[in-house]
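For the sequence shown, this note's numbering gives the first residue as 511, with consecutive numbering after it.
All C-beta atoms in this analysis are idealised placements derived from N, C-alpha and C, irrespective of residue type, glycine included.
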Amino acid sequence: MHFHGIHLLDLLSRVGFSICNIDRESVKKGIACQALGTSFLASDLTGFQMDKNQIHGTAIFTLLSMAVMIFSSATLVQCAVINLWPKPRIVSWPLPLATLLSPKFKITSPNHRYLSTAVYRYLHLILTEHHHPLVIPTVNLTNGSVVQSLIVTIHDLSAPLVHGVNESYHLKIPSTGVEASLTAETAWGAMRGLETFSQLVWGNPSHVASGMEVWDWPIFEHRGVMLDTSRNFYNVEDILRMIGAMSGNKLNVFHWHITDSHSFPLLLPSEPGLADKGSYGPDMQYSPKDVTRIVQFGLEHGVRVLPEIDMPGHTGSWAKAYPEIVACANMFWWPAGYKWEDRLASEPGAGQLNPLNPKTYQVLKNVIRDVTMMFPEPFYHAGGDEVAPGCWKADPEIQEFLSKDGSLSEILEMFLNSTFPYIVSMNRTVVYWEDVLLDQTVRVNRSLLPPESTILQTWNDGPNNTKAIVSSGYRAIVSSADYYYLDCGHGSFIGNNSKYDQGNAGNTGTGDSWCGPFKTWQTIYNYDITYGLTEEEAKLVLGGEVALWSEQADPTVLDSRIWPRASAMAEAMWSGNRDEKGMKRYAEATDRLNEWRGRMVSRGIRAEPIQPLWCARNPGMCDTVNSS
């Protein structure tokens, strides 16, 4: 641990602290108990960088006292396990103690519109959940002590829920006394701490781990889930349930891919015809009231709602209301005899906005204005992916432009020149998919997209495209299809596909899924999104998102497609995926994820299992290698 360049072990020696009978080698090896699926190991002190802006109000004296307690008691600790997800950054639990929780337990917090709602929600959860752990913790129950309340203190009640808001918290549950405390810089950090406290409660009557302190904050500030609601429709309740689960996993961005070629379900005040004609039906639309409900629910759970209106590609559904502004609408996506590079769309559902038609921008300004009014989020996702050359080439007006030595990239530049400044004028930072700069055929010059107003989201070619983006000075959100696409591995949705003929049945590795195979939770957990980047480049990576494209997903499978695989990314984004030795921590993460999956199921989230119940109840017995 460092304070302005001073290593904590050196700092301890400077103030006369002795590490008792534990030598430095033992410290490096991490002599302490693996508590909570985590602990403040002595080895965690080496190399830990404390940022005074991340953990406000934490005094050096407190940390020194904690270190003294840990070092002096490390050899005496007996192991107990309470599995937390995502794993906190620092936990001190020197003795495996627990205390009864009063049936009249209460949470006291400052008055805050959204935090007050969260407090009420967590109070009900804590008093009624009575979680039964897969492996009952072996703890010593403190005599005569009952936790009566949790006192929440917030330093900055006015901090809005925006990218970069401080989410750190400090949780303290004493071994004696009746009050636990939760201190956070913002209401949003307090929500993260409330979730951690709720996971420290189990049993009936309720017990809570005691003699414990947690210091916690995220590695990455952008931790999200993208859901496509165009290809298949999701009811508002489905979306709210997903946001609730996101909050429990300490994820903070719901990237809502609202529209696409298949349907336009968003009812806009200025352009109602887009949804009236372009949605699957009046019962498959999101009204302004629905949007307000979703946005407010997100605020109550510490989750931002980032809207995406994809354009100029993926806009076939717009043609139902405005056929004159959409090229190749209602045409077969890959006409017979066409090469793949001449396709009209990357999948069935062709149609792209025509940037040469002035009316396109009249409609777009109405759409952009309405969306920015409905969504207060300072980021605006404008899509920009998979512009199919064949679609624009099929349009007579565009054919004429190309015949006069025009290019497809020039057409895309016209489009961005007419839309990007308008979005920025609405006080928004514009997010695009990587294609606008990295596509091999249709892309724009970097000079059109100033990095201070632009964020690029990666999805192709793993760490290589992330490197290409950040090395050019752009901020990046990572959604690599090789790791983070949750729809992969379910086969092809294309009809009459000859690849499935028995004589051609050799393609079994991917099931003919373009991004197969299936992305397991281990695959997701393994991915290091700053791999291969310099220190300066890594600073431009805002975080990551898992993505559920809905060609083969709808409400019937929503929970199981996302959870607990998104939980794997959530922990990697929050506290990392490596242990104190720098090794990937799959084994102990498996035990904790089994437990967390069980909690999610008890909370109404139909998360799929990752192991047989026998494995979950017998930690380590289903490992590949016996590590005991």
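Span of the beta strand (DSSP E), counted from its first residue to its last, around Thr486: Only positions 511 to 1138 of the chain appear in the structure, and residue 486 is not among them; the question remains open.
Segment limits, beta strand (DSSP E) that includes Ile768: Start at 1 with the first residue of the sequence shown, and residue 768 comes out as number 258. Unbroken beta strand (DSSP E) run through Ile768: Val763 to Thr769.
Supposed contact pair Tyr632 and Ser708 - C-beta distance, whole angstroms, cut 8 Å: Counting from one through the sequence shown, the residue named residue 708 turns up at place 198. Counting from one through the sequence shown, the residue named residue 632 turns up at place 122. About 6 Å; that satisfies the 8 Å criterion.
DSSP-derived helix/strand/coil call for Trp712: Walking along the sequence shown from the start, residue 712 turns up at place 202. In the structure shown, Trp712 sits in a strand (DSSP, three-state: E or B).
Three-state secondary structure (DSSP) of Asp852: Here residue 852 refers to the residue found at position 342 when the sequence shown is read from its first residue. Three-state DSSP puts Asp852 in a helix.
Coarse secondary structure for Pro1119, derived from DSSP in three states: Position 609 of the sequence shown, counted from the start, is the residue given in the question as residue 1119. Reduced to three states, the DSSP call for Pro1119 is coil.
Cα-Cα separation, Leu761 to Met841: Locating residue 761 in the sequence shown gives position 251, counting from the first residue. Locating residue 841 in the sequence shown gives position 331, counting from the first residue. Rounded to whole angstroms, Leu761 and Met841 show a C-alpha spacing of 39 Å.
Residues that DSSP places opposite Tyr995 in a beta bridge: For the purposes of this step, residue 995 is identified with residue 485 of the sequence shown, where counting begins at 1. BP columns for Tyr995 point to Ala1057.
Whole-Å CB distance - Phe774 paired with Arg814, under 8 Å assumed: The count along the sequence shown starts at 1 and reaches residue 774 at position 264. The count along the sequence shown starts at 1 and reaches residue 814 at position 304. Contact doesn't hold; Cβ gap of about 23 Å is too wide.
One or two residues paired with Lys1094 in a DSSP bridge: Position 584 of the sequence shown, counted from the start, is the residue given in the question as residue 1094. Beta-bridge pairing links Lys1094 to Arg1088.
Residue(s) in a DSSP beta bridge with Tyr679: The count along the sequence shown starts at 1 and reaches residue 679 at position 169. Per DSSP, Ala694 and Asp726.
Classification of Leu667 by the beta-carbon crowding that lies within 10 angstroms, buried from 16 upward: Residue numbering aside, residue 667 sits at position 157 when the sequence shown is read from its first letter. Burial call: exposed.
Three-way DSSP call (helix, strand, coil) for Glu535 in this model: The residue labelled residue 535 in the question sits at position 25 within the sequence shown. Residue placement at Glu535 cannot be trusted, given a pLDDT of 32 that sits under 50; what the coordinates show is reported in the next sentence. Glu535 falls in the helix class under three-state DSSP.
Backbone CA spacing between Ser990 and Thr652 [nearest angstrom]: Locating residue 990 in the sequence shown gives position 480, where the first residue counts as 1. Locating residue 652 in the sequence shown gives position 142, where the first residue counts as 1. When rounded, the distance between both Cα atoms is 48 Å.
Separation of Glu962 from His878, as counted between CA atoms: Here residue 878 corresponds to residue number 368 of the sequence shown, with the count starting at 1. Here residue 962 corresponds to residue number 452 of the sequence shown, with the count starting at 1. Strictly speaking, residue 878 in this sequence is Ile, with His absent from that position. Distance between the alpha carbons of Ile878 and Glu962: 20 Å.
Cβ neighbours of Asn927 in the same chain (closer than 7 Å, five flanking residues each side left out): Taking the sequence shown and counting its residues from 1, one reaches residue 927 at position 417. Leu958.
Residues sharing a beta bridge with His717, DSSP: In the sequence shown, counting from the first residue as 1, residue 717 sits at position 207. According to DSSP, which records beta bridges pairwise, His717 is partnered with Leu610 and Trp712.
Beta-carbon separation (whole angstroms), Leu1103 vs Ser1077, contact threshold 8 Å: Taking the sequence shown and counting its residues from 1, one reaches residue 1103 at position 593. Taking the sequence shown and counting its residues from 1, one reaches residue 1077 at position 567. Confirmed, about 6 Å.
Assumed close pair Asp1133, Trp1059 - CB separation to whole angstroms, cut-off 8 Å: Residue numbering aside, residue 1133 sits at position 623 when the sequence shown is read from its first letter. Residue numbering aside, residue 1059 sits at position 549 when the sequence shown is read from its first letter. In fact, because the Cβ distance is near 33 Å, the residues do not count as touching under 8 Å.
Proximity of Ala1099 and Tyr1037 at Cβ, strictly below 8 Å: Against the sequence shown, residue 1099 aligns to sequence position 589. Against the sequence shown, residue 1037 aligns to sequence position 527. Not closer than 8 Å, so no.
Neighbourhood of Ile1072 by C-beta distance below 7 Å, restricted to the same chain and skipping five residues each side: The sequence position of residue 1072 within the sequence shown is 562, counting from 1. Val735, Met752, Leu996 and Leu1058.
For Arg956, the nearest candidate out of Ser981, Asn970, Gly972 and Ser935 (CA to CA): Translated into the one-based positions of the sequence shown, residue 956 becomes position 446. Nearest of Ser981, Asn970, Gly972 and Ser935 to Arg956, Cα basis: Ser981.
Per DSSP, the bridge partner or partners of Gly893: For the purposes of this step, residue 893 is taken as residue 383 along the sequence shown, with counting starting at 1. In the DSSP assignment, the residues bridged to Gly893 are Met821.
Exposure of Met821, with buried meaning 16 or more beta-carbon neighbours within 10 Å: Taking the sequence shown and counting its residues from 1, one reaches residue 821 at position 311. That one is buried.
Straight-line gap, Tyr848 to Gly1005 (C-alpha atoms, nearest Å): Taking the sequence shown and counting its residues from 1, the one referred to as residue 848 is at position 338. Taking the sequence shown and counting its residues from 1, the one referred to as residue 1005 is at position 495. Inter-residue distance for Tyr848 and Gly1005 is about 18 Å (C-alpha atoms, whole angstroms).
Residue span of the beta strand (DSSP E) that contains Thr939, given as start and end: For the purposes of this step, residue 939 is taken as the residue at position 429 of the sequence shown. Start and end: Thr939 to Trp943.
Cutoff 7 Å; reference Lys1094; Cβ partners in own chain excluding five residues on either side: Translated into the one-based positions of the sequence shown, residue 1094 becomes position 584. The residues are Asn1036, Asn1087 and Arg1088.
First and last residue of the uninterrupted beta strand (DSSP E) at Ile1034: To locate residue 1034, count along the sequence shown from 1; it is residue 524. No beta strand (DSSP E) contains Ile1034, which is instead part of the alpha helix (DSSP H) from Trp1031 to Asn1036.
Through-space distance from Glu731 to Ile965, alpha-carbon basis: Residue numbering aside, residue 965 sits at position 455 when the sequence shown is read from its first letter. Residue numbering aside, residue 731 sits at position 221 when the sequence shown is read from its first letter. Spanning the two alpha carbons is a distance of roughly 14 Å.
Residue range of the beta strand (DSSP E) that includes Ser602: Taking the first residue of the sequence shown as position 1, residue 602 is located at position 92. Here the beta strand (DSSP E) through Ser602 covers Ile600 to Ser602.
Selection from Ser685, Thr696, Val657 and Asn593 that minimises the alpha carbon distance to Leu605: Looking up residue 605 in the sequence shown gives position 95. Selected option, being the one with the closest Cα: Ser685.
Cβ-based neighbour list, Trp943, same chain, cut-off 7 Å, excluding 5 preceding and 5 following: Looking up residue 943 in the sequence shown gives position 433. Same-chain partners within the cutoff: Gly893, Gly894, Asp895, Gln967 and Trp969.
Thr1044 versus Leu866: straight-line alpha-carbon distance, rounded: Taking the sequence shown and counting its residues from 1, one reaches residue 1044 at position 534. Taking the sequence shown and counting its residues from 1, one reaches residue 866 at position 356. Each residue's alpha carbon lies about 41 Å from the other.
Secondary structure of Ile661, DSSP reduced to three states: Within the sequence shown, numbered from 1, the residue matching residue 661 stands at position 151. Strand, per DSSP.
Chain-order list of residues whose beta-carbon lies under 7 Å from that of Cys1025 (same chain, five-residue window excluded): Sequence index remark: in the sequence shown, residue 1025 carries index 515 (1-based). In the same chain as Cys1025, and ignoring 5 residues on each side of it, the C-beta atoms closer than 7 Å to its own belong to Ala991, Tyr995 and Cys998, in chain order.
Candidates Pro715, Ser720, His634 and Trp727: closest to His680 by CA position: Sequence index remark: in the sequence shown, residue 680 carries index 170 (1-based). Checking every option, the nearest Cα to that of His680 belongs to Trp727.
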